[in-house]
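Chains as they are written, first to last, in numbering that gives the first Met the number 0: chain W, 0 to 239; chain U, 0 to 128.
Following: one structure in structure tokens, then a few remarks.
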Amino acid sequence: MNIFLYDDYLDKYKKKVRKIEETLNKLNLQGKILYLSNIKNIDNTLQNEINSGAKTIVVVGNNKTLNNIINILANISEKIPVSIIPVGPNNSIAESLGIINEKEACYILSSRRLENVNLSIANNHFFIKDVYIESKNTILNIDNSYKMIFQKKGDCFIFNIPPKTEFPNDQKIEIKENILNLYVKISSKSKTFLKAKKIEIENKEENAIIDNSIKIKTPILIEPTNKKILLIVGKNRTFS
Amino acid sequence: MFKKEKIINNINNAETIIGESVHVNGHFESNGNIIINGSVEGDIKTKGAILVGEKSKINANIKAEEMVIKGEINGNLKVNGYLSIKELAKIVGDIECAQISIEKGAEINGQVTIASKKSKNNKEDEEEI
């Protein structure tokens, strides 16, 4: 059975949600709907659903919803496919998985194309896509071997999986197991790119943002993990 | 195209790029090609090639397979293959390489030793015996 997890904010998108449900019905993808606002202990609820034979967890929400669910599933031993139906803004993870909008997400769910994706961890928080921090006054300790110091304003990303669309005229970001990709853009002339196994971030003024949804204070230690999550992805999206 | 030029062009497919205004401090090691446009202090080692950009300032000893220098380096260089020193380059330190080209205008302050890969290998073999 498919378990659909509806985020609280979907109240604002009633029309869209109705359309999603119509498409799912048309594709014969019915299942059980759980409203996150009604659940007191989501960890136990998910474990019970998996024990009762849930076939797929479908997150209907945004980056924050998916990141929360991934952090729970990472600690559950049974591997269950996870899918996202993106609704509203802040859905860059869905985009990275090759899912552009809610309608397409329903068809992708139906196609059930699975990819095993390694998770990375920032302090004790798992993430799928990236950690972002403003580059000014950021110090990165790379692989305990050298430090990179950024004094100018710009964007600093540490990718677990890169965005689907590559940065134009830029370095190709490859996905390799147990490797993080660092990308810092200060200007069109100043771009830094490298691969690392471990990155520590320090910035006394700025917080980092995990998966474009959760703010955390530095210092932050970021490392790839051996935890894998089975994700349903769009066509032409591979992670190996 | 000459092999040397091919190597230099391939540097653009670098695995690591250090951008302008970025400062690196410590032991910097890589298996692939590196482009440095920022500043580095410490030491740099790679099995690939290094391109030191015009605006870069490096205070480090460097070991690489091939190298193109357009910026400033304060440190010793060990290049297994071809080293190309461009017109705006300024180097303070000793250089060891197998092949070298130096453009008019480049500044070098140090000892330059040029030994072909073959003779280097022979020397190493002799030392091992």
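Quick reminder that beta carbons are idealized off the backbone N, C-alpha and C, glycines included.
Everything numeric in this text was worked out from a predicted model, so none of it was measured.
- DSSP, reduced to helix, strand and coil, places W/ASN117 within a strand of the structure shown.
- Taking a C-beta distance under 9 Å as the contact criterion, W/LYS146 and W/GLU205 do not qualify as a contact pair.
- Judged by beta-carbon spacing, U/LEU50 lies within the 9 Å limit of U/LYS69, meaning their Cβ atoms are closer than that value.
- Around W/GLU201, the same chain offers ILE138, THR217 and PRO218 as residues with beta carbons nearer than 6 Å, after the five sequence neighbours per side are excluded.
- If you draw a straight line from the Cα of W/LYS78 to the Cα of W/ILE209, it is about 23 Å long.
- Around W/ILE68, the same chain offers VAL58 as residues with beta carbons nearer than 6 Å, after the five sequence neighbours per side are excluded.
- In this structure U/ILE113 is not in contact with U/ILE101, their Cβ atoms being roughly 11 Å apart against a cut-off of 8 Å.
- In the structure shown, W/THR217 falls within a coil segment according to DSSP collapsed to helix, strand and coil.
- Considering only W/CYS105, W/ARG111 and W/ALA207, the residue with the shortest C-alpha distance to W/GLU133 is W/ALA207.
- According to the DSSP assignment, U/GLU95 belongs to the beta strand (DSSP E) that extends over 94-96.
- Its Cα nearest to that of W/ASP42, the residue W/ILE56 stands out among W/GLN29, W/ILE56 and W/GLY30.
- Within chain W, the residues THR191 have their CB atoms less than 7 Å from the CB of U/ILE17, given in chain order.
- A Cβ-Cβ distance of about 6 Å is found for the pair W/LEU35 and W/LEU4, placing them in contact under the 8 Å criterion.
- Distances from the CA of W/ASN61 to each of W/SER82, W/GLN46 and W/ILE71 were compared; the closest alpha carbon is that of W/SER82.
- By the rule that beta-carbons nearer than 9 Å mark a contact, U/GLU106 does not touch chain W.
- Between U/GLU71 and U/ILE90, the gap from beta carbon to beta carbon is short of 9 Å.
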